[in-house]
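Here the numbering used here is used: the first residue of the sequence shown is -6, the next is one more, and so on. We put the CB at the ideal spot given by N, CA and C, even for glycine. Structure, as structure tokens:
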Amino acid sequence: MIRSVLRAALVSAVALWGAPSAAESFAIVGATVIDGTGAAPRTADVRVEDGRIAAVGPGARRKAARVVDGSGLVLAPGFIDTHSHHDGGLDAHPDALAAAAQGITTIVAGQDGGGPLPVAALFAKREAHPAAVNIATYIGHNSVRGAVMGADYKRAATPAEVERMAAVVEENMRAGALGLSTGLEYDPGIYSEPSEIVALARAAARHGGRYISHMRSEDTGLDAAIDEILEIGRTVRLPVQISHFKIAIVDRWGGTAPILAKLDAARRDGIDVTADVYPYTYWQSNLQVLMPKRDFTDLSAAEFALAHMARPEDLRLTEYPANPAYVGKTVAEVAALRGVPPARAYLDLIVESEAKGLSNTVIGRSMAEDDVAALIAWPHSNISSDGGIEDAHPRGAGAFPRVLAWMVRETGRLTLEEAVHKM
């Protein structure tokens, strides 16, 4: 049944690929339909025209040029990846197979404070060079901050700079952005004051926008980070969404109940707070993200990070241009090669990468599976991949089917209709 829903969810993507052609109308008859609202499954006929669902119900087949027998299959609308990085690979891979093969037909980009400026250029490119998935985007705070402040970003913005940033946000909202995204564990956003974020969220809200945030902390400062996003929702009165929601510190594992209780209380108080979650205990980012104070000489801070956030044997380099021989190795393995303690190797890897002006990417384990399941099961969370087309992390190609397999079939934490509703 899980395999069937994935096949069926590809209706829109298959139409875009030309098999059948996007202009052809066809009906799928006799399938078990899960419509995405959370309603119970029902047997129904569905007509598709120009790659879109045109009719559901008894008369759906009448205008169809072709009829497909859906007996024994489950049919759902295309899934929406609410936190996606697949857009970065669409030029090279317009088939978007990593997303489309999961049943994803719409991706939401501009995440973690990143994304292109202006967003109008992104839309123009996709109009000129269509991909197999639809795309929506946020305006990224880090992109805006970088455009306004340049290399001089390791400080609070001046009122004049905040005003210029707000103007950029409004310009991009008028061009069709969904709202404002932040990546407050990353440069340059990590240096921003909360008042700066409030001002830019207000700019987005003036155009009906939303606020989505990779919060300032997912580990030692998790509670304060949640308080900040809730305060933005309360003050600005716009919907707020926690990106790739997680508890990324061993000391807090098993602690989802009080966190979700706080969010439920906020919702009762009128704050429209939601979250997206991917179904893995491993994350993908850079080495620097575990050092919020950005002091790469602080050996004790590095030792704390490797003891409480991501063990050196669970922190694996997937990109390291400063020394490609380290790709595929863990921090523990690099430390052994160098004959130094893991914390020393960890800091040296960062310093050597930054000294050459190069980036790095790691996959690390910081979450407990039971916590991930609880966050996915929260009624106000939705499923995301946080992945890209060519990522080393499996989430870019496997997040949605993993939810169906793990949360529905294997554990029964969600019914199939509940899972599809979250997608």
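Cβ neighbours of V344 within its own chain (closer than 7 Å, five residues either side excluded): F289. Considering only Q95, S374, A89, P187, the residue with the shortest C-alpha distance to H134 is P187. The Cβ atoms of V162 and A196 sit closer than 8 Å to each other. Checking the DSSP bridge columns, you'll see W276 partnered with G357. Judged by DSSP in its simplified three-state form, G226 adopts helix. N135: member of the alpha helix (DSSP H) spanning 134 to 142, first to last residue. Within the segment 271 to 343, the beta strand (DSSP E) runs of at least 3 residues that lie entirely inside it are, in chain order, 275 to 278, 308 to 312. Taken in chain order, the complete beta strand (DSSP E) segments of 3 or more residues contained in the segment 138 to 222 are 172 to 176, 203 to 207. DSSP links F19 through a beta bridge to V41, R59. Within the segment 72 to 118, the runs of alpha helix (DSSP H) at least 4 residues long that lie entirely inside it are, in chain order, 90 to 93. The alpha-carbon separation between R261 and I235 amounts to approximately 17 Å. V401 sits in a helix when the DSSP states are folded into three classes. In this structure, DSSP gives L66 a state outside helix and strand, which the three-state scheme calls coil. Note on G65: under 16 other CB atoms within 10 angstroms of its CB, so exposed under the neighbour-count rule. Look at R35 here: in three-state DSSP terms it is strand.
Its chain contains Y131, I132, H134, V162, L193, A194, A197, G202, Y204 as the residues whose beta carbon lies nearer than 7 Å to that of L173, once the 5 sequence neighbours on both sides are disregarded; these appear in chain order. For I240, DSSP assigns no beta-bridge partner whatsoever. When the Cα atoms are used, A57 and I100 turn out to be separated by approximately 28 Å. A92 is classed as buried because its beta carbon has at least 16 other beta carbons within 10 Å across all chains shown. A buried status is given to D384, since no fewer than 16 other beta-carbon atoms sit within 10 Å of its beta-carbon. S278 counts as buried, since at least 16 other C-beta atoms from the protein chains shown sit within 10 angstroms of its C-beta. Pairwise C-beta distances place the segment 332 to 349 in contact with the segment 293 to 309, as three or more of them are shorter than 8 Å. Straight-line spacing of the CA atoms in D28 and A69 works out to 6 Å.
By the Cβ-count criterion, L223 is buried, with 16 or more other Cβ atoms from all chains shown falling within 10 Å of its own Cβ. Look at A268 here: in three-state DSSP terms it is strand. CA-to-CA, the gap between A94 and D269 works out to about 20 Å.
It is roughly 29 Å from the alpha-carbon of Y184 to the alpha-carbon of Y273.
I27 sits in coil when the DSSP states are folded into three classes, being neither helix nor strand. Annotation: R309 to P123 spans about 35 Å, alpha carbon to alpha carbon. Taking a cut-off of 8 Å on C-beta distances, the segment 101 to 120 does not touch the segment 143 to 156, as fewer than three cross pairs fall below it.
Put simply, the backbone Cα of L115 is about 36 Å away from that of E362. Contact check for A303 against G357 passes: the beta carbons are separated by less than 8 Å.
Between the alpha carbons of I242 and H301 lies a gap of roughly 6 Å. Under the 10 Å beta carbon count, A117 is surrounded by fewer than 16 other beta carbons and is classified as exposed.
Annotation for I252: the continuous alpha helix (DSSP H) segment containing it runs 249 to 261. With a contact defined as Cβ atoms closer than 8 Å, D105 and H207 qualify at about 4 Å.
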